[in-house]
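Working notes for the structure below.
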Amino acid sequence: MQDTHDGPAAAGHAGHEHGHTSGHAHRPDGHAGHRDHSHDSPNAKATHQVSPATAAAPGTVYTCPMHPQIRQNAPGNCPICGMTLEPMLPSLDEQENPELADFRRRFWWTLPLTVLVTALAMLGHRLENGGVPGQNLIEFALGTPVVLWSGWPFFRRGWESVHHLRPNMWTLIGIGTAAAYGYSVLATFLPELFPPAFRMNGKVGVYFEAAAVIVSLTLLGQILELRARAETSAAIKSLLGLAPKTARRIAQDGSEADVALSEVQVGDVLRVRPGEKVPVDGEVLEGESAVDEAMLTGEPVPVTKRPGDKVIGATVNTSGALVMRADKVGAATMLSQIVQMVAQAQRSRAPMQRLADVVAGYFVMVVVAVALLTLVGWGLWGPDPSWNYGFVNAVAVLIIACPCALGLATPMSVMAATGQAATQGVLFRDAAAIESLRTVDTLIVDKTGTLTEGRPAFSRVIGAANVTEDEVLTLAASLDQGSEHPLAHAIVEEARRRGLALAKPDSFESASGIGVRGLVNGQSLALGNTALMDAEGVDWRPLQGEAETLRAEGASVMYLARAGQLAGLLAVADPVKGTTAEALTRLRESGLRVVMATGDGVTTARSVGQRLGISEVYGEVKPADKLALVERFQAEGRIVAMAGDGINDAPALAKADVGIAMGTGTDVAINSAHLTLVKGDLRAIARARDISRATVRNMHQNLAFAFLYNALGIPLAAGLLYPFTGQLLSPMIAALAMSLSSVSVVTNASRLRRSRAGQGSGS
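For the sequence shown, UniProt numbering assigns the number 763 to the last residue and increments by one with no breaks.
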């Protein structure tokens, strides 16, 4: 749909290249195809496309929240970080998270034992004789079920991390808990093994209460984290919940019946009554009504739909009754495509996470080394009983230094932000697009379908010497039957409206970005802009005056040549979208440099640019020229975004720092872009930039907290402040801090779901 003409000509209509290529992308307007993101990692498995009506069907792919490159077709644990894998696409009918249920059961069943063993240990410390009779055995009996049963999932994951040579948080928790429990068992049953340096008042201390509390607090932290993480999938679940369960199908004999949505087939005629949801994507055949599309596009004002208009599944019919034809069903609907794109974006990695990944790669081994140094340092140089102090502090170091908060810092922000953006009609392809958009300072925009409606109306036809208007229109429309470009549609529709007899083209060829060529009734025709006329050796100057007048009025002009001679010209007007002026004003006010690049003639481009306040306008540009323009601005040090909707925009969209596709555009454009605006409304760019800023700010907060937490927590646990304060950090307090660190990161990311960033302008 790209303007590539001196008029749409060309569109040459470049439109007939209209995205009909192999390997279609997921596109929010429901066009068929797939976008395979399995290249994210060599370990990635192909994902299954799931329609809202059948979400979470067999074949669900599971992935890790922290390491999205890990994908498998069955539940399990991540071999890198040990976290439980979760479905890439949540389901509305899925049961409670089994891991959450398991942890909660282990926590509540053993919590009384943890409380008792802790109370007994505190009581023993206060008694003058050093404890109650048989205290160590009682603590062993109380603490063992907590450590060995409740803590079993932690030990299993810790062992798996060693087996896979992937040390992680479970390695530290497993070592710390096992050390405290094992030390206490030996001290209880074989105290004679310990030298005097380990004894206080003649007894070897035990730490059953520390091991039990570490397990209970870790379980509590995991429960809170799993609950918070579940909220990040709420956006996808809300999208899945938009789909109606049934549709009212009209049979050929006129009878009507409600059928399950999964039974609706392409071509079915459906009735949508007032207050009902549109069941699938399609076209209105009868009736008129206002349809609320806010849930998918972010546009709050209902849109009037009449026969011939497209409707989107899951939108709400507010007033009149409609009869529609089903064009897209199941996984091909816009809603299903949006769900898939959001799910893919949520599992992508933000560039900002690279530093955290590098740190986490060495983190566990460094922590183990620090714990050993703490043990030896206190044992050799600490006050009596020095090795007891060393042991307790080493365990505290292992427990407090959990890298989970670091790993969750950006993935949780990305998941929350992409879901929130989708509810506002903005689909980010990946986390990198979210991170980059806020830095853009230059926006290049296409005209047709981007600034304008992309639904042009025929304006005028002028014949050259000895050629009638009807003859020009007949030849042009006959040739344009091979094109799907909206400019071509306008010409064909006008010819049919006049009752002209059209001939089927004998051949049809697109001259990329400048027009079309072909044979009609044995006559060689060329329809396009001046560049095409020059390439054909046709003198277009006899009609230059008329063409300039039409362009000054904002119309796109195409010249028609027959057998190498100028036959006439046609003008098509494409109205500017009602929201474009507001959108551009807001973007300029935010500091963006806005540039128009179009295949239309320079005069037409300047006319549209003047109406919209765009002073920097480039006309008659080919796809290669748009690409060169992006590269030129980038060479000047600018961060460039390109917004377009046509196949001819694809090279520039792919090259730009952020490519922005209109959801109403071609598959190729959407596949090349980093960001898709579902409604094709440029106001959504401002919303997307607000979301980008809020998300990156949230990422910074999470990473800063995670780094600061470990930077302060490890020295405190190691006892570096003991000479100044006389206080040590108990392993139990370390366990509480470790659990709360991950919960705080996830909770902070969840704030993005409630953020109003970007809302209020056109949404």
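Beta carbons: idealized from backbone N, C-alpha and C, even for Gly.
For clarity, every value in this text was computed on a predicted model and none was experimentally measured.
- Per the coordinates, the alpha-carbon of ALA211 lies some 22 Å from the alpha-carbon of GLU99.
- Between the segment 598-616 and the segment 548-559 there are three or more inter-stretch CB-CB distances shorter than 8 Å, so the stretches are counted as touching.
- Here SER692 is buried, its C-beta having at least 16 other C-beta atoms within 10 Å.
- In this structure, GLY713 and ILE400 form a Cβ contact; the two beta carbons are roughly 4 Å apart against a cut-off of 8 Å.
- Taking C-beta atoms as the reference points, VAL269 and VAL329 fail to come closer than 7 Å.
- Put simply, the backbone Cα of LYS655 is about 46 Å away from that of ARG273.
- VAL392 is classed as buried because its beta carbon has at least 16 other beta carbons within 10 Å across all chains shown.
- Taken atom to atom, the span from the alpha-carbon of LEU165 to that of ARG438 is near 38 Å.
- Out of LYS679, GLU288, THR333 and GLY659, the CA that lies nearest to the CA of LEU240 is found in THR333.
- Residue environment for LYS577: buried (at least 16 other C-beta atoms within 10 angstroms of its C-beta).
- Using a Cβ distance threshold of 7 Å, THR315 and VAL278 count as a contacting pair.
- In this structure MET699 is in contact with THR410, their Cβ atoms being roughly 5 Å apart against a cut-off of 8 Å.
- Between the beta-carbon of GLU225 and that of SER590 there is about 36 Å, and that puts the pair past the 8 Å contact cut.
- Counting only the Cα atoms, VAL323 lies some 12 Å from ALA251.
- Close CB contacts of ALA573 within its chain, under the 7 Å cut and outside five residues either way in sequence, are with PRO456, ALA457, SER459, GLY554 and ALA555 (chain order).
- C-alpha of PRO302 to C-alpha of GLY320: approximately 12 Å in a straight line.
- If you draw a straight line from the Cα of ASN648 to the Cα of LEU627, it comes to about 10 Å.
- Per DSSP, the unbroken beta strand (DSSP E) holding PHE428 starts and ends at 426-428.
- Contact holds between the segment 582-589 and the segment 609-618, because three or more Cβ pairs, one in each stretch, are under 8 Å apart.
- With at least 16 other beta carbons inside 10 angstroms of its own, VAL395 counts as buried.
- Taking 7 Å as the cut-off, the Cβ atoms of THR442 and ARG588 do not count as close.
- For SER524, the three-state secondary structure derived from DSSP is strand.
- Note: GLU509 is bridge-paired with ARG517 in the DSSP secondary-structure output.
- One Cα belongs to PRO715, the other to TYR709, and the distance between them is close to 10 Å.
- Within the same chain, and ignoring the five residues on either side of ALA503 in sequence, the residues whose Cβ sits closer than 7 Å to its Cβ are SER478, VAL520 and ASN521.
- Contact between VAL146 and THR118 is ruled out by a C-beta separation of about 10 Å, above the 8 Å threshold.
- In this structure, DSSP gives ASN317 an extended state, which the three-state scheme calls strand.
- Per DSSP, reduced to three states, the secondary structure at SER255 is coil, with no helix or strand assignment.
- When DSSP states are grouped into helix, strand and coil, LYS328 belongs to the strand group.
- In this structure, the beta-carbon distance from LEU408 to ALA735 does not fall below 7 Å.
- With distances taken between CA atoms, ALA243 lies nearest to LEU335 out of LEU137, SER255 and LEU335.
- In terms of Cα proximity to ASP506, the closest of LEU525, GLY680, VAL745 and ALA495 is LEU525.
- Exposed is the label assigned to ASN466, since fewer than 16 other Cβ atoms lie within 10 Å of its Cβ.
- By the neighbour-count definition (other C-beta atoms within 10 Å, threshold 16), THR468 is an exposed residue.
- As the crow flies, the alpha-carbon of ALA547 is around 9 Å from that of ILE462.
- Looking from the CA of GLN634, the closest CA among ALA652, GLY644 and GLY619 belongs to ALA652.
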